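In the working numbering, the protein residues as written are -8 to 162.
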């Protein structure tokens, strides 16, 4: 890689790190191409992505000082999973790590907050942004549905009374 490619790669990684809700750092040594494509496909359908990165370039993109907590994450063959939603990448990688022994979640970061593997596991158990939105909309719709039921009830009762009188007179 020449200087121009490295500079472009660093700028790309800076964009990824700023746009991502959370970045999960993983070891992926020994995964086959099919397994990597499976992981990438799972992340893609969830709205995320997976990228194998060079450690030095990632650390330069993070402007990490020597000996910082970021340095502990970026050692060995490293890949990053990221998504705009803070929970999506953590959910998919934690689920994939349970089914594959060669794939190890090292940790991650959300902005300036560094997460260890346990922190990523906890993050993966939180509801996603879409799930939170759906439950919030459900909470908003419930009172409206109940109000419509209450308003409609007297009219339905009147209709039943009229129907009872009509059937009584017909009989």
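Note that beta-carbon positions come from the ideal geometry of N, C-alpha and C, so glycine has one too. From a predicted model like this one, the values you see are computed outputs, not experimental measurements.
Going by beta carbon distance, what residues of the same chain come within less than 6 Å of residue i, once the five residues before and after it are set aside?
i	result
residue 117	78
residue 115	81, 82, 85
residue 60	105
residue 120	76
Residue i lies in the beta strand (DSSP E); which residues open and close that run?
i	result
residue 13	13 to 18
Using the Cβ count rule (16 or more neighbours within 10 Å means buried), how would you classify residue i?
i	result
residue 43	exposed
residue 24	exposed
residue 80	buried
residue 76	buried
residue 65	buried
residue 153	exposed
residue 70	buried
residue -5	exposed
residue 87	buried
residue 127	exposed
residue 131	exposed
residue 155	exposed
residue 98	buried
Could you check where the alpha helix (DSSP H) with residue i kicks off and where it finishes?
i	result
residue 9	-6 to 10
So, for residue i: in the same chain, excluding its five sequence neighbours on each side, which residues have a beta-carbon less than 7 Å away from its beta-carbon?
i	result
residue 112	85
residue 52	1, 4, 5, 8
residue 32	none
With a cut-off of 8 Å, does the C-beta of residue i fall near any C-beta of chain C?
i	result
residue 159	Judged by its chain identifiers, the structure shown contains no chain C, having just a single protein chain.
So residue i and residue j are supposed to be a Cβ contact under 8 Å. How far apart are they, rounded?
i	j	result
residue 72	residue 110	Their Cβ separation, rounded to whole angstroms, is 14 Å, which puts residue 72 and residue 110 out of contact at 8 Å.
residue 18	residue 95	4 Å
residue 68	residue 20	5 Å
residue 93	residue 48	So it is not a contact: roughly 24 Å between Cβ atoms.
residue 63	residue 37	Actually they are not in contact, since the Cβ atoms of residue 63 and residue 37 sit about 27 Å apart, beyond 8 Å.
Excluding five sequence neighbours on each side, which residues of the same chain lie with their C-beta closer than 8 Å to the C-beta of residue i?
i	result
residue 146	none
residue 27	19, 41
Task: Continuous alpha helix (DSSP H) assignments of at least 4 residues falling wholly in the stretch 35 to 86 - done: 46 to 53, 60 to 64
Task: 3 or more residues per run - each beta strand (DSSP E) lying fully within the stretch 93 to 151 - done: 95 to 101, 104 to 107
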